[in-house]
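A short write-up of the structure that comes next.
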Amino acid sequence: MSRPYIFRGTSPQASNLSTQDFNCNAIIPSVEVADEDPPSSAGGEPTPSASDSEDSSHRAYTPSQSTATPPRRENISLGVTEPLRALNLQGTLTSHRIPSWRHDARRESTGLSPGRSTSTYRGLFNATPEPTPEPLHVQSTLDRDSTVDNLASDLEDSHLRDDGSPSDDNDQSSESDDDDDASDSDDSSLYNVRYERLPRARIYNAGLQEILRDIKSQLSILQNDMDRCPLSRDRDSDLFPLREKVRMLNELDCPETRTVGFIGNSGVDQEGLARSSGDGAACTSVVTEFRHTDARHPYRYAIEVDYMDEEEVNELLEELVQSFRMYYTDFYRDVTGVEEQERIRDGSTRAWSTLNSLFRDQPELTHQFLSDQTDGALSRILAQLKDWAAQSCTRRPGGAALQHTIIPGNVQECSSHLDMLTMDPRDESEAAIWPFIKLIRVYLRSPVLKTGLVLADLPGFHDLNYARVRATDSYLKYSCHEVFVVTTISRCVSDQSIEEIKRRCAQGQPLRLRLSAYLTQEVNASETARHCRDLTAQIEQLQNRLRQANRRLVRGRNSRRRHNEILQLTKNQEDAEFELDRFLVESRNLRITNQLLRNHGAEVRVFCVSNEWYSEYRQSANRHADTYIGLSGIRELRRYCQLVPAEAQFRFTAAFIEHRVPAIVRSVKQWALAGSDDVTAERAGALRQVLRDVEKVFRERLILRNSEVRKLPRRLEDRFRDDIFSLTHECCPIWKRSALQASKSWEHFWHTTYIVFCSRYGTHSTKGAGGYRCWNEELLQGMRTDLEGRWATIQEWVYMQKTALGETVRRTFEENTAQIEDIMHLAPLALENFIDNMDDWENCVMAAINQSLDQLVLGLSRVETDTLHGHDSSYVAGLMRPVYNECNSESGTGSDARRKMLMRSHLTSSNIFPNLANISEAQCRAVIRNTCQDMRRMVDEVVGNICNDLHSIVAEEGEATEARRFPEMASTLQRKVDAAQATLERAQRIVGDLKNTPDVV
1 MSRPYIFRGT SPQASNLSTQ DFNCNAIIPS VEVADEDPPS SAGGEPTPSA SDSEDSSHRA
61 YTPSQSTATP PRRENISLGV TEPLRALNLQ GTLTSHRIPS WRHDARREST GLSPGRSTST
121 YRGLFNATPE PTPEPLHVQS TLDRDSTVDN LASDLEDSHL RDDGSPSDDN DQSSESDDDD
181 DASDSDDSSL YNVRYERLPR ARIYNAGLQE ILRDIKSQLS ILQNDMDRCP LSRDRDSDLF
241 PLREKVRMLN ELDCPETRTV GFIGNSGVDQ EGLARSSGDG AACTSVVTEF RHTDARHPYR
301 YAIEVDYMDE EEVNELLEEL VQSFRMYYTD FYRDVTGVEE QERIRDGSTR AWSTLNSLFR
361 DQPELTHQFL SDQTDGALSR ILAQLKDWAA QSCTRRPGGA ALQHTIIPGN VQECSSHLDM
421 LTMDPRDESE AAIWPFIKLI RVYLRSPVLK TGLVLADLPG FHDLNYARVR ATDSYLKYSC
481 HEVFVVTTIS RCVSDQSIEE IKRRCAQGQP LRLRLSAYLT QEVNASETAR HCRDLTAQIE
541 QLQNRLRQAN RRLVRGRNSR RRHNEILQLT KNQEDAEFEL DRFLVESRNL RITNQLLRNH
601 GAEVRVFCVS NEWYSEYRQS ANRHADTYIG LSGIRELRRY CQLVPAEAQF RFTAAFIEHR
661 VPAIVRSVKQ WALAGSDDVT AERAGALRQV LRDVEKVFRE RLILRNSEVR KLPRRLEDRF
721 RDDIFSLTHE CCPIWKRSAL QASKSWEHFW HTTYIVFCSR YGTHSTKGAG GYRCWNEELL
781 QGMRTDLEGR WATIQEWVYM QKTALGETVR RTFEENTAQI EDIMHLAPLA LENFIDNMDD
841 WENCVMAAIN QSLDQLVLGL SRVETDTLHG HDSSYVAGLM RPVYNECNSE SGTGSDARRK
901 MLMRSHLTSS NIFPNLANIS EAQCRAVIRN TCQDMRRMVD EVVGNICNDL HSIVAEEGEA
961 TEARRFPEMA STLQRKVDAA QATLERAQRI VGDLKNTPDV V
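Position 19 (the sequence shown) corresponds to 19 in the UniProt record's numbering; numbering is contiguous.
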């Protein structure tokens, strides 16, 4: 029985094209670029890079990657480690054979389109074969926000096929081994997320999921039939590349993913959001993503680590030393505010903890060493730390490589690897790894992540050093499609971090509030009745009912009534308790939600979540357990998160069904039809000439050097040069004067206020400065005024190229179609099929162009934002960081005047605006180059497919077509193509109906 299906895939990592142009009115954000790395074999071992064999003494920060694999394959049971507990990845297994008794599909949403329902997680069609499952019998020791955990609970269920039996993939042990493991399962959970209804979105329509399974089955049949022909192994044949296209389409994953970020202040519902080092110091500094396995990561688990490069390491060390020394100099005494003094002291403590974790094997690292105030001490300290850092990078997993992949073989290995990456070693002689980690990606199997959803756990800004703040700020703005602020329900109304995170989000980026409620502590009937007078009567009524039910149950047990009577009294007691709990929770949630909407605006959506109730009742036989799970808010949150990738997944799936598959299927038919027409030698010559002319037009108009597609990057760079960069270099002196004028207003600040702004890298909110101020933003006012309109003009020009290139493509296909129609009589069967395919090929070309231009606008939008604004991850923030650090090094008598002099000197003589212009220009060129290369590659591929079809129509003079040489294969493929086309017609009707149906309800 075939597995359920859904497209899934990954977006490129460390890409400059991750910018998103957010629409504040849209729930579903824009499309990401697909990762086009070729898929690896599901059963093979990843090949270590050359970096693995480098001399361990090599101290350079080498931009390469390495892979660590287990020494042998073992049965894998699900589990992840310390950083993951919040995803409930350690949740116990449910029965694999039967649905949970609680899941009655009839009670769920009816879904989209007449007579159809939305699919469940279990019913999603899965594009990529997955290794055989192994039940969970070891609870992992994860420690991350439990809501993220619960969102992706019951991961093990996604490993099973529809019939509940293990899959037969080839990178796992035998089925008997799995059965043995299954017998050892300690499962006690009754709630199975696999039977949970997905939200009402077009991609989750059950009919669409079923037809996707049928399409993949037809492609697999085509591929298997082609494999039986010896030509499929002959690289010089026409069938070989055609078979490869069918195979790639059959194995294709949807590249569309959407990232939901969870962020909150350290200590706020943070058993999970804060890891702790050995001495208890928080070290939650690394963004951690949870993704579904894909073609590049086919194993049960994969942990991918991105390390900082040399420049980032140096910046981090400078920030840590700066933070440490601020408390041990007169700078601390210059600060008079108690709150600011505590912030400096806490920052110094955290800096020492981090440095000690990094260099605990260096006895020279002491407080005295770091706080040395003699001449040249700071330079010596930094030089020594950088030397130690260069040495330590060769001893970490992956050595000097900047990316390292770990393939854990089982749950224990996964746990130990994540502990190693995210916590201080137990051995005092070993150094920690986590401070130099930039990003961790955990790939695992989960029905929740299978839909293209990526969950990201972000560190709160409160406890981060500035280097980490810059990195997290950038990730929050450009990688997260939606942001959940995690806070407790008891303090959410007064939580200042909500406004800070809201300010950091990109304009229009959806912001959600996820409120954690520890219900046993926070929902108290008496307290609620006292503070909410309008609810007192109802609460007292429900309390009285519960007290009466409890008394009757006690009396019944004491009088030894019959079992049935006791059972009824127990039900009455459960009902009374449930009604009180539901009333209290729903009333509390409504009251808090309304207050938050008043504070933060109606565009903010609020989710009240109880991890305790979800964890308790998913394993409870209580009659009201399913309703308690609903009251926990986890199910609603999970359903909402599934809407985030839904629209992008549907767009890709619709194009797959309407154009990509039909085009390749007709190409197979084109091969099979070759030679079916009775073409004389004279006619064949005329036919070849016209086909050559058609091919020439396609190549000249779409892929050769003078084609409009190839000229686009040059034309766009010329526009940037003429409209922006030429003006930039002319106006730098004017913008410098504007910046100096802005800085003069800061000089009137009281010296303690000036100190605080410098220590916070120019961003602070205080009444003495008139509220929230961002110095970096103020410095750019003149530049922003002059350039904002010009950037907008270029964006409009890029969008206009969609129309221009679309017209070129349309005209090219029309002219070539007309040429072929004029010679239809020469080979009517073959040419009719080719003409029928022209619309699909044209749509494929246009999709490639439109997708690329959308990505181009998004990438350039990010560059514009980072150029013209002063947020922590902006270009100007990096250029201003040195002067803030210099100001923070000043202390004692006359330090206020010296700080202001340093600031004036930096703005006058450091070439901020020329440097800013150079950075912006370099980033623009990189975005243009990378995006246009992707566009050219995709267009070249489609034109190559068209040319292959042209070559199949008629053989070279004196040769027989491949279909004539293998007539049985041609006949077989024609029959299979007819079946596939019938399936595609049904699929296209479903897609058409869904396109006319509202997506989200």
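Think of the CB as a built atom: it goes at the ideal place given N, C-alpha and C, for glycine as much as any other residue.
{"Asked": "Inter-residue spacing [alpha-carbon to alpha-carbon] between Ala537 and Arg197", "Found": "37 Å"}
{"Asked": "Asp334: first and last residue of the uninterrupted alpha helix (DSSP H) it sits in", "Found": "330-334"}
{"Asked": "Leu826 versus Phe240: straight-line alpha-carbon distance, rounded", "Found": "27 Å"}
{"Asked": "Same chain, Cβ closer than 8 Å to Leu687, five either side skipped, listed in chain order", "Found": "Val679, Ile823, Leu826, Ala827, Ile953, Val954"}
{"Asked": "Check whether Ala471 and Glu289 have beta carbons under 8 Å apart", "Found": "no"}
{"Asked": "Cα-Cα separation, Met326 to Gly409", "Found": "45 Å"}
{"Asked": "Spatial neighbours of Gln981 in its chain, beta-carbon cut-off 7 Å, leaving aside the 5 residues before and after", "Found": "Val665"}
{"Asked": "Ala576 vs Arg545 beta-carbon contact at 8 Å", "Found": "yes"}
{"Asked": "For Gly556, three-class secondary structure by DSSP", "Found": "helix"}
{"Asked": "Delimiting residues of the beta strand (DSSP E) encompassing Asp306", "Found": "301-307"}
{"Asked": "Contained beta strand (DSSP E) runs [length at least 3] in the region 431-516, N- to C-terminal order", "Found": "437-444, 453-458, 482-488, 511-516"}
{"Asked": "Burial state of Met783, where buried means 16 or more other Cβ atoms lie within 10 Å", "Found": "buried"}
{"Asked": "Best match in Phe749, Ala401, His417, Gly399 for proximity to Ile407 [C-alpha to C-alpha]", "Found": "His417"}
{"Asked": "Every unbroken alpha helix (DSSP H) inside the region 650-687 [4 residues or more]", "Found": "661-673"}
{"Asked": "Nearest-angstrom Cα separation, counted from Ile990 out to Leu93", "Found": "In this predicted model, Leu93 has a pLDDT of only 31, less than 50, meaning its place in the structure is not dependable; the value taken from the coordinates is given anyway. C-alpha separation (whole angstroms): 35 Å."}
{"Asked": "Gln209 classed as buried or exposed, judged by whether at least 16 other C-beta atoms fall within 10 angstroms", "Found": "buried"}
{"Asked": "Cβ-Cβ distance between Ile433 and Arg396 below 8 Å", "Found": "yes"}
{"Asked": "Given Leu219 as reference, the closest of Cys229, Lys245, Cys887 once Cα atoms are compared", "Found": "Lys245"}
{"Asked": "Buried versus exposed call for Gly601 [16 or more other C-beta atoms within 10 Å across all chains shown]", "Found": "exposed"}
{"Asked": "Per-residue DSSP class, three states only, for Thr763", "Found": "strand"}
{"Asked": "Gln819 in three-state terms, based on DSSP", "Found": "helix"}
{"Asked": "Three-state secondary structure assigned by DSSP to Glu289", "Found": "strand"}
{"Asked": "Endpoints, the beta strand (DSSP E) within which Ala979 is located", "Found": "It is not in any beta strand (DSSP E) - Ala979 instead sits in the alpha helix (DSSP H) that spans 967-995."}
{"Asked": "Where Tyr628 falls, given that 16 or more other Cβ within 10 Å makes a residue buried", "Found": "buried"}
{"Asked": "Residue closest to Arg635, alpha-carbon to alpha-carbon, out of Pro199, Gly261, Ala302", "Found": "Pro199"}
{"Asked": "Residue of Arg710, Ala739, Ile794, Gly770 minimising C-alpha distance to Glu778", "Found": "Ala739"}
{"Asked": "Assigned exposure category for Ser353 - 16 Cβ within 10 Å defines buried", "Found": "buried"}
{"Asked": "Rounded Cβ spacing between Asn837 and Ala654 (contact assumed at less than 8 Å)", "Found": "Actually they do not touch by this definition, with Cβ atoms about 18 Å apart."}
{"Asked": "First and last residue of the uninterrupted beta strand (DSSP E) at Ala401", "Found": "401-406"}
{"Asked": "Alpha carbon of His751 to alpha carbon of Asp424, nearest angstrom", "Found": "40 Å"}
{"Asked": "Same chain, Cβ closer than 7 Å to Arg557, neighbours up to 5 away in sequence not counted", "Found": "Ile566"}
{"Asked": "Run of the alpha helix (DSSP H) containing Val193, from where it starts to where it stops", "Found": "That residue, Val193, is in no alpha helix (DSSP H); it is neither H nor E in DSSP."}
{"Asked": "Cβ shell of residue 1003 (< 8 Å), same chain only, five flanking positions each side left out", "Found": "For the chain, the structure presents residues 1 to 1001; residue 1003 sits outside this window and is missing."}
{"Asked": "Segment contact flag, the region 223-238 with the region 638-655, C-beta cutoff 8 Å, min 3 pairs", "Found": "no"}
{"Asked": "C-alpha gap between Asp330 and Ser429, whole angstroms", "Found": "34 Å"}
{"Asked": "Rounded straight-line distance, which links the Cα of Leu242 to that of Arg235", "Found": "10 Å"}
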